[in-house]
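Visitor:
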Amino acid sequence: MTGKIPTVDYEKVMNTDEGLYEWLNNIRIYGLGTVSGVPVTEEATKKTIERIGPIRDTHYGAFWAFTSGFAHGDLAYSTLEIPAHTDTTYFNDPAGLQLFHLLEEAGVGGEQFYVDGFAAAEILKKEDPEAHKILSEARVYGYQAGDENVFLKPTAQPYPLLNYNNKGELYQIRFNNEDRYIINNLKFDMVPKYYNALRKWMEIVRRPESELVLALKPGTLIAIDNWRVMHARKSFKGGRTLSGGYVDTDYWKSKYRVVSFRAKGKDCKAELL
Ligand SMILES: [Fe+2]
């Protein structure tokens, strides 16, 4: 489906606590939120992201801007279709917010769409509780080895696709079929069960009603909660320049706490400490 989500004006975000609070609160509620009227430059995009917190540096660079072409051994740098996924499943601490700003439009195609992973998990739990249990418990590594000098894998342990905390709340989706490592740590009889559960998950994720299509436009910066919402892109022809960066979950949640109090004229630390 084609959707609309609330947006906040650039000047309001950059110059007021209320504006920043509104943007972060939209991300908290919907899993994504946009800022409109952003000057179409790398500098303005970087400053808008840094309004939330420090940009995480990775092997892709901290703040990046690229025109399609294989700068890295990764689908994102091609013109091919990219199925719904979350980013950096291969990190111990996956990227928190993914931020995109299209600086130059694609020729044809390249629509972006988003899938709410928390909603998909609810559907899975209802339709196939066994598959839901498997994907909440079975641990499979993500990895990234597309670049010559990079081989990333979580250090301490592999993680489930659906990560619940000790209160039973789903707090993180880790799903990128393209970055899934060989399944070498599950018991032999679990492997077909895992694949069946994964097939069911992917069938739900790929339902047209699961997809929210939002056309990226120069001037609109989108922030996506990478722990909850998957992103995807149709293939395209022609060139386009995309810019963006990551902000850690720790930092965007920290800024949300501070400005949510400040926007109401209160002091976060006086209230919470
Ligand atoms: Fe991605």
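Residue numbers (UniProt numbering): 1 to 273. C-beta: ideal position from N, C-alpha, C; glycine also.
DSSP state of I222, grouped into three classes?
Guide: Reading the sequence shown from its first residue, position 222 is the one you call residue 222. Note: I222 maps to strand in three-state DSSP.
Visitor: In whole angstroms, what is the alpha-carbon distance linking G31 and P54?
Guide: The residue labelled residue 31 in the question sits at position 31 within the sequence shown. The residue labelled residue 54 in the question sits at position 54 within the sequence shown. Approximately 20 angstroms between the Cα atoms of the pair.
Visitor: Using the Cα positions of G245 and N196, report the straight-line distance between them to the nearest angstrom.
Guide: Sequence index remark: in the sequence shown, residue 245 carries index 245 (1-based). Sequence index remark: in the sequence shown, residue 196 carries index 196 (1-based). Approximately 34 angstroms between the Cα atoms of the pair.
Visitor: Express the C-alpha separation of T88 and residue 297 in angstroms, rounding to a whole number.
Guide: Coverage of the chain is limited to positions 1 through 273, which leaves residue 297 absent and any answer about it impossible.
Visitor: Considering only their Cβ atoms, is the gap separating V40 from Y10 smaller than 9 angstroms?
Guide: By one-based count along the sequence shown, residue 10 stands at place 10. By one-based count along the sequence shown, residue 40 stands at place 40. No, Cβ-Cβ distance for Y10 and V40 is not below 9 angstroms.
Visitor: Just to confirm, are L135 and W201 a CB contact at a threshold of 9 angstroms?
Guide: Position 135 of the sequence shown, counting from 1, holds the residue named residue 135. Position 201 of the sequence shown, counting from 1, holds the residue named residue 201. Yes, these two residues count as a Cβ contact at 9 angstroms.
Visitor: For ligand 1, I want to know if D87 counts as a neighbour, meaning its beta carbon is within less than 8 angstroms of at least one of the ligand's heavy atoms.
Guide: Here residue 87 is taken as the residue at index 87 of the sequence shown, counted from 1. Indeed, a heavy atom of ligand 1 lies less than 8 angstroms from the Cβ.
Visitor: Between which two residues does the alpha helix (DSSP H) carrying H132 extend?
Guide: On the sequence shown, residue 132 is found 132 positions in, with the first residue counted as 1. Counting along the chain, the alpha helix (DSSP H) containing H132 begins and ends at 129-137.
Visitor: Alpha carbon to alpha carbon, what distance is there between I182 and T155?
Guide: The sequence position of residue 155 within the sequence shown is 155, counting from 1. The sequence position of residue 182 within the sequence shown is 182, counting from 1. Rounded to whole angstroms, T155 to I182 spans 16 angstroms at the Cα level.
Visitor: For a test of your reading of the model: does the CB of Q98 fall under 8 angstroms from any non-hydrogen atom of ligand 1? Yes or no.
Guide: For the purposes of this step, residue 98 is identified with residue 98 of the sequence shown, where counting begins at 1. Within the cutoff, so yes.
Visitor: Hey, how far is the Cα of R265 from the Cα of V259?
Guide: Walking along the sequence shown from the start, residue 265 turns up at place 265. Walking along the sequence shown from the start, residue 259 turns up at place 259. Sequence inspection shows Gly at residue 265; the Arg mentioned does not correspond to that position. Approximately 9 angstroms, taken between the alpha carbons.
Visitor: Is it buried or exposed, P6, if we count other Cβ atoms within 10 angstroms and call 16 or more buried?
Guide: Looking up residue 6 in the sequence shown gives position 6. Classification for P6: exposed.
Visitor: With H, G and I counted as helix, E and B as strand and the rest as coil, what does DSSP make of R180?
Guide: Mapped onto the sequence shown, residue 180 falls at position 180. The answer is strand: DSSP assigns R180 an E or B state.
Visitor: In the DSSP assignment, find the unbroken alpha helix (DSSP H) run with residue 276 in it and report its ends.
Guide: There is no way to answer for residue 276, as the model of the chain reaches only from 1 to 273.
Visitor: What are the start and end residues of each continuous beta strand (DSSP E) run of 3 or more residues lying completely inside the segment 92-167, in chain order?
Guide: Correct list: 97-104, 112-116, 162-164.
Visitor: So N176 and T86 are supposed to be a Cβ contact under 8 angstroms. How far apart are they, rounded?
Guide: As a working note, residue 176 is residue 176 in the sequence shown. As a working note, residue 86 is residue 86 in the sequence shown. Contact holds; Cβ gap of about 6 angstroms.
Visitor: Taking the alpha carbon of K153 as the point to measure from, which residue in D93, T45, A270 has its own alpha carbon closest?
Guide: By one-based count along the sequence shown, residue 153 stands at place 153. When each option's Cα is compared against that of K153, the closest is D93.
Visitor: With a threshold of 8 angstroms (Cβ to nearest heavy atom), would H231 be considered close to ligand 1?
Guide: For the purposes of this step, residue 231 is identified with residue 231 of the sequence shown, where counting begins at 1. Answer for H231: yes, Cβ within range of ligand 1.
Visitor: My output table needs one value for E271: the three-state DSSP class, helix, strand or coil.
Guide: Counting from one through the sequence shown, the residue named residue 271 turns up at place 271. Helix, per DSSP.
Visitor: Within 10 angstroms of its Cβ, does N149 collect 16 or more other Cβ (buried), or is it exposed?
Guide: As a first step, residue 149 must be located in the sequence shown, where it is residue number 149. Exposed: under 16 other Cβ atoms inside 10 Å.
Visitor: Which of the three DSSP states is assigned to R48 in this structure?
Guide: Counting from 1 along the sequence shown, the entry for residue 48 is found at position 48. Note that residue 48 corresponds to Thr in the displayed sequence, not to Arg. Three-state result, T48: helix.
Visitor: Confirm the yes/no value for this check: CB of I82, any heavy atom of ligand 1, distance under 8 angstroms.
Guide: Sequence index remark: in the sequence shown, residue 82 carries index 82 (1-based). Yes, ligand 1 has a heavy atom inside 8 angstroms of this Cβ.
Visitor: Would the beta-carbon of V13 fall within 9 angstroms of that of R56?
Guide: Position 13 of the sequence shown, counted from the first residue, corresponds to residue 13. Position 56 of the sequence shown, counted from the first residue, corresponds to residue 56. Cβ distance not < 9 angstroms, so V13 and R56 don't count as in contact.
Visitor: Roughly how many angstroms separate the alpha carbons of G110 and L273, rounded to a whole number?
Guide: Walking along the sequence shown from the start, residue 110 turns up at place 110. Walking along the sequence shown from the start, residue 273 turns up at place 273. Straight-line Cα distance between these residues: approximately 47 angstroms.
Visitor: At which residues does the beta strand (DSSP E) containing D17 begin and terminate?
Guide: Position 17 of the sequence shown holds residue 17. Unbroken run through D17 is the alpha helix (DSSP H), 17-30; no beta strand (DSSP E).
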